[in-house]
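Peer 1: Residue numbers (my numbering): 28 to 186.
Beta carbons: idealized from backbone N, C-alpha and C, even for Gly.
Given the structure is predicted, the values throughout are model-derived calculations rather than measurements.
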Amino acid sequence: VQLGRWDMAVKEMAEGVDLVSAGDGPTAANVPADFWRLLVQLAESQLELGDLQRATEHSAAALEQARRNDSVIGQARCHFVLSRVLDKQRNTDAAERHHAAAVSAFRQLGDRQSAAECLLSRAMKCPDRSQDLIEQALALSKQVAWSEGIRTATSLLAG
């Protein structure tokens, strides 16, 4: 993934899903608690490749795995990826619901940087709400001294 070879990454991770799930796939019941991590990375890679159908399937399965294991961080990450996938599909209402759930979970965890990242991502998709979202993201970014978030938010506010 770090080398940008998304096709190879998808192939390797899909093999990993089969191996870990003993061939039962992403919705398998008898898998390690952190199986959602593999699925969400697979979904992100598929999103990069533009394979929106599989990205949707795997991010939804990742969310279900995170819920099954009561992983709040897993649910937050999965909601965020799912919101990005749904945005690409122009399913704005569903994307907004998942985005809101991600921000809420990140805030519950006290993960201000991830909440800011999520808010900035949404601001770029929702011009009518962008000012408020960017200001929230800027405040959170400043609280944790996240320089990239501060730069991005400041740049967006400047227009």
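Under 8 angstroms: do the region 100-111 and the region 63-70 share three or more Cβ pairs, one atom per stretch?
Peer 2: Touching, yes, given that three or more Cβ pairs across the two stretches are closer than 8 angstroms.
Peer 1: Leaving out the 5 sequence neighbours to the left and right, which residues in its chain are closer than 6 angstroms to residue 170 when beta-carbon positions are compared?
Peer 2: These residues qualify, in order along the chain: 139.
Peer 1: What is the DSSP secondary structure of residue 153, counted as helix, strand or coil?
Peer 2: Residue 153: coil per DSSP, three-state reduction.
Peer 1: Judging by CA-CA distance, which residue of 118, 161, 131 and 157 is the nearest neighbour of residue 100?
Peer 2: The option with the nearest alpha carbon to residue 100 is 131.
Peer 1: For residue 110, which of 182, 50, 159 and 74 has the nearest alpha-carbon?
Peer 2: Nearest option by C-alpha distance: 74.
Peer 1: What is the rounded straight-line gap between the Cα of residue 185 and the Cα of residue 61?
Peer 2: If you take the alpha carbons of residue 185 and residue 61, they lie about 40 angstroms apart.
Peer 1: What is the DSSP secondary structure of residue 36, reduced to helix, strand or coil?
Peer 2: Looking at residue 36 - three-state DSSP - the assignment turns out to be helix.
Peer 1: If you run the structure through DSSP and keep just helix, strand and coil, what is residue 54?
Peer 2: Coil, per DSSP.
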